[in-house]
Amino acid sequence: MAVTALALVWANSPWAETYLSTWNTPFTIGIGNFGLSKPILLWINDGLMAIFFFVVGLEIKREILTGELSSFRSAAFPVVAALGGMAVPALIYFYLNSNQEGAGGWGIPMATDIAFALGILTLLGDRVNVSLKLFLVAFAIVDDIGAVLVIALFYTSDINFLSLWFGIGLFGILLVLSALKSRKIWFFIILGIIMWVAFLLSGVHATIAGILLALTIPARSKISEEQFISYTQHVITDLEALQAATLLQQPEDDDEMQGHFQDALQTVETNCKAALSPLRRLEHALHPWVAFAIMPIFALSNAGIRIDAGLLDDFRDPVVLGIMLGLVLGKPVGILLFTWLATLTGVTAKPGNISWLHVAGAGLLGGIGFTMSIFIANLAFTNSNLLPLAKFGILAASLIAGTIGYLLLRFTYKSSAKI
């Protein structure tokens, strides 16, 4: 939020021209006669955001394999919630913008910024139980899957099929490597970068390569939990024996004993790495970079819109109205409506320790579109005068939905348990 405010201040300051010129500065990466030259803004949106989507893909794969989406029983409720949270906002937007210039932006209010939503939920502390947090994470991840599919299917420019098939072929090779249980992560990353270039040249948005690469990263550890415990206990036993032996040795033998200790500690470190899957290692390594570098850079470069009297007068513009109503109203209504119908018909059941008011509050937090919504807006309104309007609607809607969702959960959490 602080970076977003900085972007708005910069874009509306006497140095506003430097805001645009900075992000439109060409930047070239090349080797020999081959090179890619793009404005810094596009390197951020196509390059850094591919890493963001890679981490999203890792989270999706983890949730499907071992998390809230690993079984039909646990996945049904958040999946239905996500479907409602995507369908109703899109319908509201399309109803207000059908047969108009902004009709192509229907995917904008479908998105949820999981990082911001969870950040606000964290502010509530002990008021929120674990079940509600898991529900929000699960439906936001399904929402991310929907957003990725929308980007791939509906926001793709003219396709270069040669580059596309080359990228798909690389994805196939990565799948084979994953099936063969290869653990050479550097090889996955190199092929993933080449696949990203192929998708970039194909016309399919390059960030899709990040998702596809994530789906091929091995999710199983080299050794099981039981093996790790057994190996570690064995090393600890040896360390204790060495420590006892050290007390009986002469001082001149200390160096030899220290060498044994270092070897034992190295073995423990090796076992720790073997017990952690490549997926988990990459997720843990990249998450801080995404949270504290990539997302702030994306916000700084994309959230700077010029706010003047004319823009405020456009509050009634169908693009702004469609986005705001879609995120603030459509998200919670869609989530509540679809989950209520699903529980009424027996398709799924609401978790017993969260109430419908909790679901409504989580739905409002789901209305914080921000990063994903701005990303889709950039695709829907490339080089269009509607893009500033869309960004304004996203920022306003995210602020309103987040505030109402926070207040609803803060002041009604205890009482809602009786409903």
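According to full-length UniProt numbering, the sequence shown holds residues 1 to 419 in order.
We treat Cβ as the ideally placed atom computed from N, Cα and C, and that holds for glycine.
Tell me the residue span of the beta strand (DSSP E) that contains proline 39.
34 to 39
Could you check if histidine 205 is buried or exposed, using at least 16 other CB atoms within 10 Å of its CB as the buried criterion?
buried
Excluding the 5 residues flanking alanine 11 on each side, which residues of the same chain have their C-beta closer than 7 Å to its C-beta?
Tyr19, Gly304, Ile305 and Arg306
Whose C-alpha, out of Gly57, Lys61, Gly47 and Arg73, is nearest the C-alpha of alanine 349?
Arg73
Please classify proline 26: is it buried, with 16 or more other beta-carbons within 10 angstroms of its beta-carbon, or exposed?
exposed
Give the DSSP-derived three-state secondary structure of glycine 104 in the structure shown.
helix
If you reduce the DSSP assignment to three classes, tell me which class threonine 403 lands in.
helix
Could you check what DSSP says for proline 332 in three-state terms: helix, strand or coil?
helix
Just tell me which of Leu42, Gly334, Val319 and Gly366 has its CA closest to the CA of leucine 387.
Val319
Tell me which residues share the same chain as leucine 65 and place their Cβ nearer than 6 Å to its Cβ, disregarding the 5 neighbours each side in the sequence.
Ala219
Taking the alpha-carbon positions, what's the tryptophan 38 to threonine 28 distance?
The sequence shown places lysine at residue 38, not tryptophan. Going from the Cα of lysine 38 to the Cα of threonine 28 covers about 6 Å.
Sorted by chain position, which residues of the same chain lie with C-beta nearer than 6 Å to lysine 273's C-beta, five sequence neighbours on each side aside?
none
Coil, strand or helix - glycine 67 by DSSP:
coil
One question on the structure: do glycine 210 and phenylalanine 54 come within less than 8 Å of each other, judged by their Cβ atoms?
yes
List the residues that DSSP assigns as beta-bridge partners of phenylalanine 27.
Lys38
Can you tell me which of the three DSSP states asparagine 99 falls into?
coil
Go through its chain and collect everything with a Cβ distance to alanine 140's Cβ below 7 Å, but skip five positions before and after it.
Thr112, Ile114, Ala117 and Gly366
Which class does tyrosine 93 belong to by DSSP, given the choice of helix, strand or coil?
helix
Cutoff 7 Å; reference glycine 363; Cβ partners in own chain excluding five residues on either side:
Gly85, Lys331, Pro332, Ile335 and Leu336
Close-in-space but distant-in-sequence residues of the same chain around alanine 396 (CB under 7 Å, 5 per side omitted)
Met324
Alpha-carbon spacing of serine 416 relative to tryptophan 356, whole angstroms
Confidence is the limiting factor: at serine 416 the pLDDT is only 46, short of 50, which leaves the residue's position unreliable and the question unanswerable from this model.
Going along the chain, which residues of its own chain have a beta-carbon closer than 6 Å to the beta-carbon of leucine 239, five neighbours each way excluded?
Ala264
In the DSSP assignment, find the alpha helix (DSSP H) that holds glycine 45 and state where it starts and stops.
Residue 45 is actually asparagine in this sequence, not glycine. Element bounds for asparagine 45: n/a, residue is neither H nor E.
Whole-angstrom distance between alanine 82 and isoleucine 368, CA atom to CA atom
14 Å
With burial defined as no fewer than 16 other Cβ atoms inside 10 Å of the residue's Cβ, what is the status of arginine 62: buried or exposed?
buried
Where leucine 407 and asparagine 378 are concerned, what is the direct C-alpha to C-alpha distance, given to the nearest angstrom?
31 Å
Between which two residues does the alpha helix (DSSP H) carrying glycine 210 extend?
207 to 216
Would DSSP call proline 296 helix, strand or coil?
helix
Backbone CA spacing between leucine 136 and glycine 107 [nearest angstrom]:
20 Å
Determine the direct distance from the alpha carbon of alanine 152 to that of isoleucine 404, and round the result to whole angstroms.
32 Å
If I follow the unbroken alpha helix (DSSP H) through serine 373, where does it start and stop?
370 to 380
If I follow the unbroken alpha helix (DSSP H) through proline 278, where does it start and stop?
278 to 289
Straight-line Cα distance separating alanine 2 from phenylalanine 187
37 Å
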